[in-house]
Structures are given as C-alpha cells and as structure tokens.
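J.: For the sequence shown, my numbering assigns the number 1 to the initial residue and increments by one for each residue that follows.
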Amino acid sequence: MTIKKTLNGKDLTIALEGRLDTMTAPELEKELQSSLDGVNTLTMDFSGLDYISSAGLRVLLSAHKRLSGAGGMKITHVNEIVSEVFDVTGFSDILDIE
C-alpha cells in the first residue's frame, strides 16, 4: 500500500493506493497517529484503494472517533468493492462517504 499525504493548513488529505488489510493497516495507523495532531479535517482519498479488510475498518473507525470533536473525517472516491464492504458492515451509516 502507498500512502500520500497533503497538508493544507489544518486540512489533511491522505490518498491510499493498493490494499488496506492486516498487513498494511498498522502502517496507516502509525501514519495517522503521527499526522493528526493539529488537524481539523481529514479526507481519505480511496481512488487508488483496491480492497479493505476488517483491520482497515478498525483504523478508519479510530481516526473517525479521534476527529469527531473537530471538523471530522470524510472518505472520497470509493470503488464498488470497498463500498460493498462499508454497506455490509454498517460503516456507510457511520462514516461520511462521498
């Protein structure tokens, strides 16, 4: 998985490419822990994300909770496979998905 970060003031965009699964979720979690201080809004760009597992969902939920008091988190450019995972797990009701 490739992680690309863009910080614009207090708005952080993270673009993911590849698979967010058991092997790569710790990498994203570590990246978020070191990047979210002082951030109000987080945009997760999933245009290059092919797959997400429960380990990836856990990382997203943690980031969502951390930013719920600030500007929040949104997820953009979700493909059909990832969208189906969000629907089946109920995450589409929890997360702001555009």
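Don't be surprised by glycine CBs; every beta carbon is placed ideally from N, CA and C.
Mind checking who alanine 15 pairs with in its DSSP beta bridge?
T.: In DSSP, alanine 15 forms a bridge with Lys4, Asp45.
J.: Spatial neighbours of valine 59 within its chain, please: CB distance less than 8 Å, with the 5 preceding and 5 following residues excluded, ordered by chain position.
T.: Leu20, Ala25, Leu28, Glu29, Leu32.
J.: Is leucine 7 buried or exposed, if buried means 16 or more other CB atoms sit within 10 Å of its CB?
T.: Classification of leucine 7: exposed, given that the 10 Å Cβ count is below 16.
J.: Report yes if the C-beta distance between lysine 10 and asparagine 40 is below 8 Å; otherwise report no.
T.: Their beta carbons are under 8 Å apart, which means lysine 10 touches asparagine 40 by this criterion.
J.: Return the chain-ordered list of same chain residues with a C-beta closer than 7 Å to the C-beta of threonine 89, the five sequence neighbours on each side being excluded.
T.: Only Leu57 meet the Cβ criterion.
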